[in-house]
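Student: 31 is the number that our numbering gives to position 24 of the sequence shown; each next residue is one higher, with no gaps. Just so it is clear, CB atoms sit at the ideal spot from N, CA and C, and this is done for glycine as well. All of these numbers come straight from a predicted model, not from anything done at the bench.
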Amino acid sequence: LFIKGTRIQAELIYRAHINAEEPRTAEELAADYGLPLAAVVEAIDYGKSNPPEVAADVAREEAIMAASGQLDPNYKDHPHPRILTPEEWARLLS
Numbered sequence: 008l009f010i011k012g013t014r015i016q017a018e019l020i021y022r023a024h025i026n027a028e029e030p031r032t033a034e035e036l037a038a039d040y041g042l043p044l045a046a047v048v049e050a051i052d053y054g055k056s057n058p059p060e061v062a063a064d065v066a067r068e069e070a071i072m073a074a075s076g077q078l079d080p081n082y083k084d085h086p087h088p089r090i091l092t093p094e095e096w097a098r099l100l101s
């Protein structure tokens, strides 16, 4: 899930590549992150494959955001997430 030898998530590279507002080429991303082009291409191909691990991570993050109120339309006006109980965390992370 990370580019070998870095803390850069392959998903981050893929999302930057497909960004609707400012998509980046593999060459641009390689230069931006100081990575070999082959590693960037591999990360993009991995993202295109829609790996179940990434889908599960995204679903988990969305569930946490929903439970803590961060998806509420008014959250931007009062950005204070609700504190989740240990039981809620256990349910969301399982």
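Evaluate A42 with the Cβ neighbour count: other Cβ atoms within 10 Å of its Cβ, from every protein chain shown; 16 or more gives buried, anything less gives exposed.
Tutor: As a working mapping, residue 42 is identified with position 35 in the sequence shown. Here residue 42 turns out to be Leu, not Ala, going by the sequence shown. Under this definition L42 is a buried residue.
Student: Please go through the same chain and pick out, in chain order, the residues whose beta-carbon is closer than 8 Å to the beta-carbon of R31, but skip the five residues on each side of it.
Tutor: As a first step, residue 31 is located in the sequence shown; it is residue number 24 there, counting from the start. Around R31: A23, H24 and D39.
Student: So what does Q16 bridge to, in DSSP terms?
Tutor: Residue mapping note: residue 16 aligns to position 9 of the sequence shown, counting from 1. DSSP output for Q16 lists F9 as bridge partner(s).
Student: Taking L99 as the reference, give the member of A33, G12, K55 and A73 with the closest Cα.
Tutor: Locating residue 99 in the sequence shown gives position 92, where the first residue counts as 1. When each option's Cα is compared against that of L99, the closest is A73.
Student: Helix, strand or coil for A70, going by three-state DSSP, please let me know.
Tutor: For the purposes of this step, residue 70 is taken as residue 63 along the sequence shown, with counting starting at 1. It is helical.
Student: Since L42 is in the alpha helix (DSSP H), which residue starts that stretch and which ends it?
Tutor: Taking the sequence shown and counting its residues from 1, the one referred to as residue 42 is at position 35. Following the DSSP letters along the chain, one finds L42 in no alpha helix (DSSP H), marked with neither H nor E.
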